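Protein chains in written order, with this note's numbering: chain H, 1 to 347; chain U, 1001 to 1169; chain R, 2001 to 2367; chain C, 3001 to 3105; chain W, 4001 to 4147; chain Z, 5001 to 5185.
Each residue gets a CB set at the ideal place from its N, CA and C atoms; glycine is no exception.
Note that the structure is predicted; figures quoted are calculated from it, not measured.
Here is the structure we will look at, set down as structure tokens.
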Amino acid sequence: MFETIFVDAANWLRNLLISINLSPFVVEVFLHVVKMVVILVFVLLNVMWLVYMERKVSARFQCRVGPDRNGPYGLAQIFNDVAKLISKEMILPTHVNKKMYLLAPILIFAPPMAILAVTPMGEGMAAVDLNLGLYYFVAIAGINTVVVWMAGWSSNNKYSLVGGMRAVAQMVSYEIPLLLALVGVIVLTGTLNLNGIVDAQKSAWLIFTQPLAFFIYFIAAMAEANRAPFDLVEGESEIISGPYTEYSGMGFAFFFLAEYANLLVMAIMTTTLFLGGWLAPFGWTFIPSWLWFIIKVYFVIWVVMWMRWTFPRIRIDHLMNLAWKFLVPLAIANIFVTGLAKYFIGI
Amino acid sequence: MGEFIAFIILAVCLLGSALLVVTLRDIVHAVLCLILVFFSVAGIFILLNADFLAVVQILVYAGGVSIMVVFGVMTVQRTQIQRSNSANSRFLVAIPVVFGTFLVAAITAARNIWTPANVPVPENDIKHLAPILLDNYVIPFEAAAILLTVAMTGALLLVKEVKDSGNKS
Amino acid sequence: MDLRQEVYTLNLGPQHPSTHGVFRVLLTLDGETVVDATSVPGYLHRGIEKIVEDRTYAQVIPYTDRLDYLAGMLMNWGYVLAVEKLAGIEVPERAEYIRVIVGELSRIASHQIAVGSMASDLGGLTGFIYNFRDREYILDLLEMLSGSRMTFSFMRIGGVASDITDEFIGKTREFIDYFPKNGIEEYNNFITGNEIFQARSKNIAVVSREKALDMSLSGPVLRASGVAHDLRKVRPYSVYPHFDFDVPVGENGDSFDRYYLHILEMEQSLRIIEQALDNLPDGPIMAKVSRNFKPPVGEAYAEVESSKGILGVYVVSDGTTKPYRVHFRRPSFINLGHFDEMIKGWKIADVIAVLASLDIVLGEVDC
Amino acid sequence: MATSLNPTYFIFLSAALFAIGVYGVIAKKNIIAVLVSIEMMLAAVNINLVAFNKFFTPEAFIGQIFAIFVVTVAAVEIGLGLALAIALVRKRGTTNLDDFDWLKW
Amino acid sequence: MVNQNKDLLAKIAARHPQVEIAENGQIHVPVNHLVDFMRDLRDNFGFNYLTNLTATDYKDYMTVVYNPCIAEQAEMLHIIVKIDRDNPQVPSMVPIWGGANWQEREVYDLLGVVFTGHPDLRRILLDSDWEGHPLRKDYEWETYREK
Amino acid sequence: MYGKGLLKGLKVSLGWFLRKNVTENYPDEMPNLPDAFHGNPIFDYDKCIACNLCVTACPNRVITLETETVAKKKVVTAYNFNMQYCLFCGFCQEACRPGAIRFGKDFELTKYKREDIKIKFVKPEQVEKKKQEVLQAAAEKEAAQKAAEAAEKSEAKATEKPKAKAVKKPAEAGAATPNNNMEES
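What follows is the structure in structure tokens.
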């Protein structure tokens, strides 16, 4: 019953709408709007939870307690944070490029939302079952760069500018190993459809058949999502807050939350592509598929946080060297090996 | 009907942002509008059942080319950015030329009687594209790859050489 | 037209998360590479040297705490040593031992900040927190003795303010047992051994032996360049000749050596404390110093090895109850003088790392 | 597939986009604006190609293949064009195309 | 710390008759002989490390104090130079010991001693438009402490 | 091997993730402070003998002490402790032989108003009471010993007078020279 709860809900809604004699076109449009709203709510809830989780997890790693003053276990801290950020003034410094400065925080949420629309979060639970899902993910992930650059450039602050430049350099460089690592996945699964990729992992998760690709993908995705040790874009000990230095109030809140939205997207894609998506390990199907998905996603997020609170930040030239001199050749070798294996063994 | 509405929306979006690209005073804003143009084109492609091309459009143009242009603007533009995209005196010539081009194309298109082959574009177009691209057109494909490599090398050389001579002066 | 147009200046500070206080560096950058740098200190200048001209000799002591507030004991020590030398006061041996114990504890606490801030400035905040966790033990110990956690004002001209108790000795021994295993080893595993950390600090901003001597650098910054110049060994003061310890010396003079010496020195400090606790003599803790203390006319200059380097105190007396002139030779100040040379040609991120490896305290730099 | 759309719409659209691009190429002072306009013209061409592909040879995919090559060429063009622009600007310190009126540099 | 090595002091006294060595080991050097003396200390006596440099205002004259020492050895000298208070000028030690750079700037800032030949003699701790030199004894200032 | 250090670091932080936190829940668990702690200043009016030693010992001129001579005995009429300038060095506590001024363990010394931080320890009624007591004691003493001990009285006078003089002088000098150019950051 729990297994299909969301699919059933969608079908019920569709049947309801059809039963009141709406045209199929209108029904589909309405259903998509509903799905978008659900994804929006899903992202916002997760992001708010992630803010709290990061604070708690980092506290645990640093032998502290973390927020525990507001509500039980400090859970009300989430709402207090958001309320504080909303109620603060969004300062508009004098020499900013106004249109871009105000547009950037609005646009920053678009790419993660767009990606989440195609990810299957449970059996048959993708808002849009896109044939080119994986390719689409790569394409949309690149858009983020522009928005971060907009924020950095329009702020008219040198720290922001340096941050924006770093964002562009880092994200463009890591797009390439990311893409190349995914080629191995595509070769093995023979599909670009995310549902298809999950289905193809029924025998063995791709993390076991493509460990190298997973390694490259994981590093590149962390760099794409600006997570430590690749958080050079923010690099709070060097360039204050990078592109977000000048933002305050809501503007800052949007960037701050988008950071976690990107983390969520990164974890979701890792889960989908390498950890078997919503598939239940050991045949434990008594836990619904979407719950398995959430568990895996949060495990990935926890690992990322673990790394963030352990490692120091890498330097920009090391970062570039890592991408171009280490990850790209490794990814190409991986493609080659995968291709050979596929050709000769025919996995 | 739905397709028509989508077409109208996309066309308005496309032409509007394209006009903004050539009229906005600030080159950076113009480039951001260019990204909107590319997204609209991608939308048109989806309308034309070319999903793969739409994603290529986003990946190459919106993700790659626009970033390159943005970078170009940043390295090139040193004076005030507000008036960086002004028109020169030739716009008086340009307007008749533009209208001429448009009219010729429009009239030719309107006079022609199209007989569309009423066959739907196959789903999952990438499965059909790949064999054509890698069997029938493998030589142009490789040529394109070489072209890209040559262009990249050339671009690097151009930028680097000037940097060296700049150091000397 | 030349490429100089691509160079831009960046004001790093005075309000910046990683300048350890209020300190400004005017960076001229080409992309992310530092072309030129100018240090601008002075944002925390409180005029302590002027203030203390209007205080009696004893009243100066709380002000010295505020120089290097991370190692207040050593700052106290430098000052009282100079005054004792000026007035020719013999300090009882027990007081000297207590001074050594609290001084070395203070040195460990200060080095922990150096190690931790190096980690946090490279982006690993957790290393910083781990250092603070263990520093708490030392602060508790010193608090038990002096009543304050940072600005101790514990030393007096001719001795120390209070005697150490058995409870203090017991807890210090506990700390000596605890620290090498749980503290130092953990820092080595967590910070020193980390490859990213090493890549960020090894071979960065190398200072040659000659340059280090020429620029009058001192403390771990000097010793990282291979100069074994530790006043506790080369010109021993107090009861340091009684103790057996080593002076760790770096090889390359890079950021990593400067950082790693702090950890090695913590181990040596622990050794000294252990020996001092074992050989603690009985006796008074204060020499006879009159309440209306007036040293003879003259001047004296005394140096101690503080956690940041050589702290020199120059005191001139005109025979009244107030010092005529007090000058502090602050190690951070002089170490920072070489900073702009060190960071040339490195990236912005390295500027932060090098500043952290210099281990400055702005209260001391600006005096 | 009876669609309410027919090729004329797309030809009109691409003609309009192409015309805007032509205007940009002729009238813009800034070298980067000109490059951007050329990109728009190429996009207009692509729309045409894909539209013809859909309406006339849906199963041969000739139009889409051609569009892919156009995308490649466009990427090459913008890359080289920007490199040239940067080189020129470094040499001459201006982005104004009207100032590039010498034959050697 | 004043050096106790009598041999060294005797050697210095023999080489430089102009300097005057007090009983407690403090060395008084005339200003015009300072550069030669210091250079000789560094080159021939091995004093390669200037730990301290400061000055004092004595109302009718000023002294500049130098404490050079030898790295990894115990020797340290206490050198006092007496200068005119109205026209306080001393040759800069930066060419001999680079470490004098910021210390001389500090002394200039707080006491107004001009170090001739210093590469970059600007105020270091105080604002560049600050008036007067605070550590001079006749410096007047307002108190900001509320009553 | 490359990566070994990274794994070691991960191991350390994971260890702390699984362990109990070492921090204290501060407002719930108050820190266990040693007796020597320098917290809030506490003044015991009855113990104060108005010797002025704390005033002279204080490096930052935090304490002002006002006295009034009632029946040849000094009565403290005001003991003001300007805590915003206090360095918590404990010199006043050390100087005070009778233990009238000392530091407690309360370290939460923030105040809402600037005036609140200038502590006025002596209340007028205390002064009045003390004055009455002194007068009464003096009267009693006078009544009891008026005829008898003339020599003792002169001796007391001799010891008390120069002491008061010596104490007062530096305080005056301190007030006369304007010196505090300190903007503590």
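Burial is judged here by how many other beta carbons sit within 10 angstroms of a residue's own beta carbon; K84/H has fewer than 16 and is exposed.
Neighbours of Y2314/R in chain W, taken as residues whose beta carbon is under 9 Å from its own, are N4052, T4054, T4056, V4065, N4067 in chain order.
In this structure, DSSP gives P4095/W a state outside helix and strand, which the three-state scheme calls coil. Pairing A2082/R with Y2301/R gives a Cβ-Cβ distance under 8 Å.
Taken through DSSP and simplified to helix, strand or coil, I2191/R comes out as helix.
Interface annotation for the segment 5086-5098 of chain Z against chain R: L5087, F5088, C5089, G5090, F5091, E5094, criterion Cβ-Cβ distance under 8 Å. Contact of I316/H with chain U is not assigned, every C-beta pair being separated by 8 Å or more. Excluding sequence positions up to five before and after I2176/R, its CB lies within less than 7 Å of the CB of L2270, I2273, E2274, all in the same chain and listed in chain order. A Cβ of chain H is located within less than 8 Å of the beta carbon of I1126/U. When Cβ-Cβ separations below 8 Å define contact, R2133/R makes contact with chain Z.
Relative to the Cα of D2350/R, the nearest Cα in the group V2007/R, P2014/R, V2022/R, L2029/R belongs to L2029/R. In this structure, R4039/W sits near I4096/W, with a CB-CB distance shorter than 8 Å. M5030/Z carries a coil assignment under DSSP once its states are collapsed to helix, strand and coil. Nearest to K4082/W by C-alpha distance, out of T4056/W, L4110/W, N4044/W, R4136/W, is T4056/W. Under a 10 Å Cβ-count criterion, G339/H is classified as exposed, with fewer than 16 other Cβ atoms of the shown protein chains found around its own Cβ. The C-beta of F1004/U comes closer than 8 Å to at least one C-beta of chain C. DSSP places D4084/W in no alpha helix (DSSP H) but in the uninterrupted beta strand (DSSP E) bounded by 4078-4084. Within the same chain, and ignoring the five residues on either side of G66/H in sequence, the residues whose Cβ sits closer than 6 Å to its Cβ are R55, K56, A59. DSSP places M4062/W within a strand segment (E or B) once states are collapsed to three. Under DSSP, no beta-bridge partner is assigned to V1119/U. Neighbours of V328/H in chain Z, taken as residues whose beta carbon is under 7 Å from its own, are absent, since the nearest beta carbon is some 18 Å off. Only exposed fits E4140/W, as fewer than 16 other CB atoms lie within 10 angstroms of its CB. Unbroken alpha helix (DSSP H) stretches of 4 residues or longer found wholly inside the segment 2316-2342 of chain R: 2331-2336, 2339-2342, given in chain order. As for any alpha helix (DSSP H) of minimum length 4 sitting wholly inside the segment 2188-2254 of chain R, the runs are 2195-2201, 2209-2214, 2220-2224, 2231-2234, ordered along the chain. Of all residues in the segment 3011-3024 of chain C, those with a C-beta nearer than 9 Å to a C-beta of chain U are I3011, F3012, L3013, S3014, A3015, A3016, L3017, F3018, A3019, I3020, G3021, V3022, Y3023, G3024, reading in chain order. Interface residue (Cβ-Cβ distance to chain C less than 8 Å): G1064/U is classified as such. K3028/C carries a strand assignment under DSSP once its states are collapsed to helix, strand and coil. Of the residues V1093/U, I1067/U, I1008/U, the one whose Cα lies closest to the Cα of V1041/U is I1008/U.
Per DSSP, reduced to three states, the secondary structure at S2120/R is helical.
Per DSSP, reduced to three states, the secondary structure at S237/H is coil, with no helix or strand assignment. Nearest Cα to G2072/R within the set V2247/R, S2120/R, I2108/R, D2163/R: I2108/R. When the Cα atoms are used, I3026/C and F1038/U turn out to be separated by approximately 21 Å. Restricted to the segment 1018-1076 of chain U, the alpha helix (DSSP H) segments that are unbroken, complete and at least 4 residues in length are 1027-1047, 1051-1056, 1066-1076, listed in chain order.
In the pairwise beta carbon analysis, the segment 5084-5092 of chain Z is classified as touching the segment 2133-2151 of chain R: at least three pairs are separated by under 8 Å.
Annotated as distal: G142/H and E89/H, with beta-carbon spacing of 8 Å or more.
At least 8 Å separates the CB of K5020/Z from every CB of chain R.
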